[in-house]
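Note that the sequence shown covers residues 0 to 130 in numbering that gives the first Met the number 0. C-beta atoms are modelled at their ideal positions from N, C-alpha and C, and glycine is treated no differently.
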Amino acid sequence: MFLFLVIALAVVVAAVTLAVVGGGESGPLPEAAPERPADALPAERPVHRADVENLRFPLTVRGYRMADVDDALGRLGAELAERDARIADLEAALAGAGATTAHHAPAEQRTGGIRGAGDIRETGETGEEAR
């Protein structure tokens, strides 16, 4: 009886070993899944508020992946700095245009809102200055 149990145990161990080591496909192993998921922020357009609200980071043993958080915060910081610079440029251009418009406003009011109407008397129809 004891010999029967030893032989049965040897057969089971051999079957399990063959199933694990020798069984299955003979092709290459499939590609491993990436360790880091794809970037949650869109690369082809600016980041919107909804993108930030829906941003989730994968959890690890120590919490969030520090590299993912650093990448996202770096990108958001760069885009905010770019937007702030663009806003400053537009405000400067608007202030310059406002000063130019304020300088020409009295002349437009005198001519009934037609810009350059006073120039017709001074230059004539051909565009040459009158002598």
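With a minimum length of 4 residues, the unbroken runs of alpha helix (DSSP H) contained wholly in the region 29-76 fall at 48-52. Separation of LEU72 and TYR63 (C-alpha to C-alpha, rounded to the nearest whole angstrom) is 13 angstroms. Between the alpha carbons of THR100 and LEU93 lies a gap of roughly 10 angstroms. Below 8 angstroms, too few C-beta pairs join the region 38-53 and the region 2-12 to call them touching: fewer than three. VAL46 sits close to GLU78, with the two beta carbons spaced by under 8 angstroms. Straight-line spacing of the CA atoms in ALA14 and ARG61 works out to 41 angstroms.
VAL20 has its alpha-carbon roughly 24 angstroms from the corresponding atom of LEU4.
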